[in-house]
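Number of protein chains: 2
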Amino acid sequence: MTSVRVTNFAVSLDGYGAGPDQRPEHPLGIGGEELHDWFVATRTFRALFGQSGGTEGLDDEWAARGTVGFGATIMGRNMFGPVRGPWGEENWTGWWGDNPPYHHQVFVLTHQPRESVPMAGGTVFHFVTDGIHAALDRAREAAGGQDVKIAGGVATIRQYLHAGLIDEMHLAFAPILLGAGERLFDQLGVEGAGLKCVELVSSGAAAHARFTRA
Amino acid sequence: MTSVRVTNFAVSLDGYGAGPDQRPEHPLGIGGEELHDWFVATRTFRALFGQSGGTEGLDDEWAARGTVGFGATIMGRNMFGPVRGPWGEENWTGWWGDNPPYHHQVFVLTHQPRESVPMAGGTVFHFVTDGIHAALDRAREAAGGQDVKIAGGVATIRQYLHAGLIDEMHLAFAPILLGAGERLFDQLGVEGAGLKCVELVSSGAAAHARFTRA
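Protein chains in written order, with my numbering: chain E, 1 to 214; chain L, 1 to 214.
Here it is in structure tokens:
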């Protein structure tokens, strides 16, 4: 049975999944890069990009758990790239080089139609213009019984949270304050997303919280 | 040298220091009691109220660190009690019984003047109507070289944070989502309170983060 999961998603201790003033020079906003320090240091992260080395231990265990078992990924357009408005020359193919670390079908939420883009290593970027439910339907189909990952960014996760469509979520709270930016939990309401925290541990580089449907 | 410290202050993983709809029946708001589950279970908390037993280990270590070394306390009126507007009969003397667990001078921020109230065990409640700076001046003087505790609630801590007056802060992130309520970190800004996270550990019942001046 396919689960819809958020994994390895980093937020600051003051609740921001990206810093303020996002732009091409700092796509994660001011200070936002530090959200991912715990992740980029891990063996799992390095292996995704064909590199050896990296830390083992708690952070790497979470990184690994959050990387396997997915048959399709959904992301927002701003996570895919900095292009706004019409796609224009259509030469932007993501932040991840010729061989992105997905190796399956990736559904990009956008208001601008575009032909699908096959990449090396099995990743295919599809551009979905008819909303989060349509994207999820297509991703479930593409996942072939594996799980669907809601990769980010903040706005995308928030939409799926508010629609009650997330089955499991792993957040990594980074030991920083961003002070401003994109808040993950905003007016979620008392009923919330129907999620309950079932695990909370910390490495010092991140406090990992796992939520499942209540 | 007197430090101004926040300790043992609990927030939910979605950033709320109290739940929604605070009223006498649920003074911490809906769901807010659970914020303090980690604390009330500890040996330190129970000892504050003359009880034996309670948990030892990480949560108790933080509870203890956050209880000693203070010579004065500041709190907001809503933390002191549910009375709003004029004090009226003035028979409200706090949530803590005849012998509150402070044993020093406590400065209550309010717009309503009232005579000081001495309690058993050395606690004296003073009512400060001329603002957070005046309260801090009086608390520093009363602390006699020990530290000043900013006890809460959310609005009081936020005012001291925004004024850059907190030297050290310990937050306990409880493994719950409240969905709504009083948000501790609200528009603090990129400069923040000049605080930096220097420690992050978790017991499972709470992730403890300690911040000091950057």
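Where a beta carbon is used, it is the ideal one built from N, C-alpha and C, also for glycine.
Since the model is a prediction, treat every value here as computed from it, not as a measurement.
Check	Outcome
Option in E:Ala180, E:Phe80, E:Gln187 and E:Arg46 with minimal Cα separation from Ala180 (chain L)	E:Gln187
Three-state secondary structure (DSSP) of Asn8 (chain E)	strand
Cβ pair Gly164 (chain E), Ala120 (chain E) closer than 7 Å	no
First and last residue of the uninterrupted beta strand (DSSP E) at Gln105 (chain E)	Gln105 to Leu109
Leu35 (chain E) Cβ short of 6 Å to the ligand MN heavy atom set	The ligand content of the structure shown is nil, which means the ligand MN is not present either.
C-beta neighbour in chain E for Ala207 (chain L), strict 7 Å	yes
DSSP three-state assignment for Tyr16 (chain L), whether helix, strand or coil	strand
Gly121 (chain L), DSSP secondary structure in three states	helix
Per-residue burial, Asn91 (chain E) [other beta carbons within 10 Å of its own, 16 or more giving buried]	exposed
DSSP bridge partner residues for His208 (chain L) (one or two, in chain order)	L:Ala172 and L:Val201
Inter-residue CB distance, Leu13 (chain L) and Gly19 (chain L) (contact presumed, cutoff 8 Å)	Actually they do not touch by this definition, with Cβ atoms about 13 Å apart.
Top-ranked residue by Cα proximity to Asp37 (chain L), from L:Phe49, L:Pro24 and L:Thr55	L:Thr55
8 Å CB neighbourhood of Val148 (chain L) in its chain, flanking five on each side removed	Thr2, Ser3, Val4, Arg5, Phe70, Gly71, Ala72, Thr73, Ile74, Leu136, Ala139 and Arg140
Per DSSP, the bridge partner or partners of Phe127 (chain L)	L:Val108
Run of the alpha helix (DSSP H) containing Ala180 (chain E), from where it starts to where it stops	Ala180 (chain E) -> no alpha helix (DSSP H), and no H or E assigned at all.
Test: Val4 (chain E) CB closer than 7 Å to a CB of chain L	no
Residues that Val220 (chain L) contacts on chain E, provided the C-beta gap is smaller than 8 Å	It is not possible to answer for residue 220 (chain L), since the shown part of chain L is limited to 1 through 214.
Range of the contiguous beta strand (DSSP E) that encloses Thr73 (chain L)	Phe70 to Gly76
Residue burial classification, Glu89 (chain E) (beta-carbon count within 10 angstroms, cutoff 16)	exposed
Cβ neighbours of Asn78 (chain L) in the same chain (closer than 6 Å, five flanking residues each side left out)	Gly153
Partner residues on chain E for Leu200 (chain L), Cβ-Cβ distance less than 7 Å	Pro175, Ser202, Gly204 and Ala207
Cβ-Cβ distance between Thr93 (chain L) and Ala64 (chain L) below 7 Å	no
Partners in chain E for Phe127 (chain L), counting only beta-carbon separations shorter than 7 Å	Ordered by position in chain E, no residue passes the 7 Å Cβ test against Phe127 (chain L), which lies about 31 Å from the chain.
Length of the line joining the Cα atoms of Glu115 (chain E) and Val124 (chain E)	11 Å
Amino acids of chain E, ordered along the chain, whose beta-carbon sits closer than 7 Å to that of Leu195 (chain L)	Leu177
Contact list for Leu35 (chain L) against chain E, beta-carbon separation under 9 Å	Under the 9 Å cutoff, chain E gives no residues; its nearest Cβ is about 13 Å from Leu35 (chain L).
Pick from E:Phe107, E:Phe49 and E:Pro82 that is closest to Ala134 (chain E), judged by C-alpha positions	E:Phe107
Exposure label - His111 (chain E); buried when at least 16 CB within 10 Å	exposed
Per-residue DSSP class, three states only, for Asp167 (chain L)	coil
Minimum Cβ-Cβ distance from Leu13 (chain E) to chain L less than 7 Å	yes
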